[in-house]
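Visitor: In this note's numbering, the protein residues as written are 1252 to 1723.
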Amino acid sequence: MVLKSDGSVQWRPVTDPAILEAYRHDASPLQGDPEALLRPASALEAADQLREACSRNIAVTPCGLRSSTTGAGLAPHGWVQSCEKLVGWEVDVERRRAVVGAGVVLREFKDDVEEQGLFYPPDPTSERECSLAGTVACDASGARTYRYGATHRWVTGVEVALPDGSLQWFRRRSVDKDAAGYSGMRDLVGLLCGSEGTLGFITKVEVRLIDRPPAYTSGLAFFGDVFSALAFVGLAREQDRRGDGVKPRCLELLDAGCLEIMRAQGSGVTLPAGAGAAIYFEQEHAVDADEAVLMAWWTALEGSPGALAEDTVVATDPARQEELRLLRHAVPATLNEEGRSHAAQGGRKISTDWAVPFERLAPLVATFDGWLADAGIDRAFRYGHVGNGHPHYNLIVRDAAERARADAVVKRMCEVACAEGGTITAEHGVGKIKLPYVRYRFSPLELEAMKAVKRVFDPTGILAPGNLFPAS
Ligand SMILES: Cc1cc2nc3c(=O)[nH]c(=O)nc-3n(C[C@H](O)[C@H](O)[C@H](O)COP(=O)(O)OP(=O)(O)OC[C@H]3O[C@@H](n4cnc5c(N)ncnc54)[C@H](O)[C@@H]3O)c2cc1C
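1. Which first and last residues belong to the alpha helix (DSSP H) in which Tyr-1399 is found?
2. Please state if the CB of Gly-1393 and the CB of Glu-1380 are separated by a distance shorter than 9 Å.
3. Decide if Val-1253 is buried, meaning its Cβ has at least 16 other Cβ atoms within 10 Å, or exposed.
4. As a quick exercise: from Gly-1329, Asp-1658, Pro-1642, pick the residue whose alpha carbon is nearest that of Phe-1609.
5. Among Leu-1577, Leu-1471, Ser-1318, Gly-1485, which has the Cα closest to the Cα of Gln-1516?
6. Count the CB pairs spanning the segment 1440 to 1458 and the segment 1407 to 1416 that are closer than 8 Å, and state whether there are at least three.
7. Hey, is Asn-1587 close to ligand 2, as in C-beta under 8 Å from one of its heavy atoms?
8. By DSSP's criteria, Gly-1470 is part of a beta bridge. Which residues make up the other side?
9. Here's the rule I'm using: 16 or more other beta-carbon atoms within 10 Å means buried, otherwise exposed. How should Met-1546 be labelled?
10. Run through the segment 1268 to 1320 for me and flag every whole beta strand (DSSP E) of 3 or more residues, listed as ranges in chain order.
11. Between the C-alpha atoms of Trp-1729 and Thr-1585, what's the straight-line distance to the nearest angstrom?
12. Anyone know if the C-beta pair for Leu-1502 and Gly-1638 falls short of 9 Å?
13. Could you name the residues that DSSP lists as bridge partners for Trp-1642?
14. Does the Cβ of Glu-1553 have 16 or more other Cβ atoms within 10 Å, making it buried, or fewer, making it exposed?
15. By DSSP, does Ser-1333 sit in helix, in strand, or in coil?
16. Note down, in chain order, each residue of its chain lying with its Cβ closer than 6 Å to the Cβ of Thr-1320, except the 5 sequence neighbours on either side.
17. Is the separation between the beta-carbon of Leu-1646 and that of Ala-1657 shorter than 9 Å?
18. Measuring CB to CB, does Ala-1353 end up less than 9 Å from Ala-1384?
19. Can you check the segment 1335 to 1363 for any alpha helix (DSSP H) of at least 4 residues that lies completely inside it and give the ranges in chain order?
20. Just confirm the distance between the C-beta atoms of Gly-1525 and Leu-1504, as a whole number of angstroms; I'd bet it's less than 8 Å.
21. How far does the beta strand (DSSP E) with Phe-1693 in it extend, from its first residue to its last?
22. Once DSSP output is grouped into helix, strand and coil, what is the label at Val-1681?
23. With C-beta atoms as the reference, is Val-1582 less than 9 Å away from Ala-1466?
24. To the nearest angstrom, report how far apart Phe-1483 and Pro-1285 are at their CA atoms.
25. What is the C-beta distance between Arg-1395 and Ser-1333, in whole angstroms, given that I count them as a contact (C-beta under 8 Å)?
26. Using a Cβ distance threshold of 8 Å, determine whether the segment 1304 to 1319 contacts the segment 1418 to 1427, with at least three qualifying pairs required.
27. What do you reckon, are the CB atoms on Arg-1633 and Asp-1506 nearer than 9 Å?
28. With a threshold of 16 other CB atoms inside 10 Å of the CB of Tyr-1644, please say whether the residue is buried or exposed.
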């Protein structure tokens, strides 16, 4: 079948099973089953494809580079529409803005703006393997979200193709104050952030840039256990708030099991034998101000109970900073591999993404650890964004029975996290995997309001079936 767009653009859904195979998988354990693949080479072509799909009532699941851990970019049926060919970007250095193609690899864009003295802060660990549109659609975060907030804070405009075949730009207003209409809907950019493909196909994104920080220092601070590490994070947050002491841009936990994995990498970084946890930190500063920054961290650590201040590892030069970064990233990569090794017995890695207000984190970690011990889950690892009340629990389950017990604990964690004012997903999105927990996060009325919004964008419900809402 060859279809025409505007009398000039021709496109053809790809049905070659060898090509489709790659689009059946993402970073989740789920599998998609698309009948065809669309790879629009322009925004107009994307809009034309959606018009055609809508007229024939064919479901369309948008995807980026398929690094989702929740199966969000997998099409259960119908067409999968990839933005991978929508690449290229333009930077307006003067205005500190950039317009970026949906399919651009996040890290490639960031490297380019950094060469121009600018900075785009969102930093998901997957930045080398995810697209700009994917980060907007999932409202991605990273370690530096502690200082800079999630992706939506940096998005000033989104170009979207809709099922009626139209192409629309939504832009934020640039006023400091605005009292027109519902505050959550004063522009529709915010709706597209976290939409997970359910509202439209993102073709371009306009983002805000800032000056590249002149320098930063990173480090690993060690503690006797996770709870003294969390107490230190509380102290660091407090000093940051008061503007008196340390001023971190990230505060990331690594528990004893993670330190074990890091030791096994055989890097040149010394990880003290007595450490039961570490906090990875970064702080930006002026060139040559690293000594003052190190003194502030030293002072804070020395006064923090349970800290092994003498063992703190710091990195002020790029090579050493990269070494620390890679060491930290070895943790999820190693656990992914271990999870996969149990697939034949029905085992896998289960990763949580809930977050709670920081003040509630330590007591909940104690409670949740108790539940895991009671359920006999002995391969439980805690790491990640505790500065934002957002640790990832990675649970390695070796067979289907252990998996069922772990799933039951994760369900209770999500329920309690929401009851404590938190969320079921702080960065990976709901996708298909976290659907059972949505009812803890949203009331029936809130869910109806979101469904009503979806009906405005996608009246026949062809977009991203099974994401965010159960497939009808
Ligand atoms: C090793 C690893 C580490 C990770 N670390 C992080 C992390 O630190 N922080 C974090 O937030 N996430 C992380 N993730 C999850 C994932 O990388 C992010 O969610 C990322 O934003 C997904 O981008 P993608 O291009 O791969 O999108 P996909 O996986 O292809 O799709 C994800 C969602 O975006 C939608 N989407 C994609 N493109 C479009 C489009 N053009 N228009 C409309 N909707 C679209 C899809 O429908 C789907 O709902 C990690 C994943 C892995 C595998």
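Ideal placement from N, C-alpha and C gives every residue a C-beta, glycine not left out.
Source: prediction; values computed, not measured.
Guide: Walking through what the data contain:
1. 1396 to 1399
2. no
3. Legend: pLDDT at Val-1253 = 48, less than 50; position of this residue unreliable, value from coordinates given subsequently. The residue is exposed, with fewer than 16 neighbouring Cβ atoms inside 10 Å.
4. Pro-1642
5. Leu-1577
6. yes
7. As presented, the structure is devoid of ligand 2, carrying ligand 1 as its sole ligands.
8. Phe-1532, Val-1565
9. exposed
10. 1287 to 1289, 1311 to 1314
11. With the chain covering only 1252 through 1723, there is no way to say anything about residue 1729.
12. yes
13. Sequence check: residue 1642 is Pro here, not Trp. In the DSSP output, where bridge partners are listed per residue, Pro-1642 has Gly-1635.
14. exposed
15. strand
16. Ala-1278, Ser-1279, His-1679
17. yes
18. yes
19. none
20. Not quite, the Cβ-Cβ distance comes to about 17 Å (not below 8 Å), so this is no contact.
21. Taken as a continuous stretch (DSSP letters only), Phe-1693 belongs to no beta strand (DSSP E), as it is neither H nor E.
22. coil
23. no
24. 48 Å
25. Arg-1395 to Ser-1333, Cβ: 28 Å. No contact.
26. no
27. yes
28. buried
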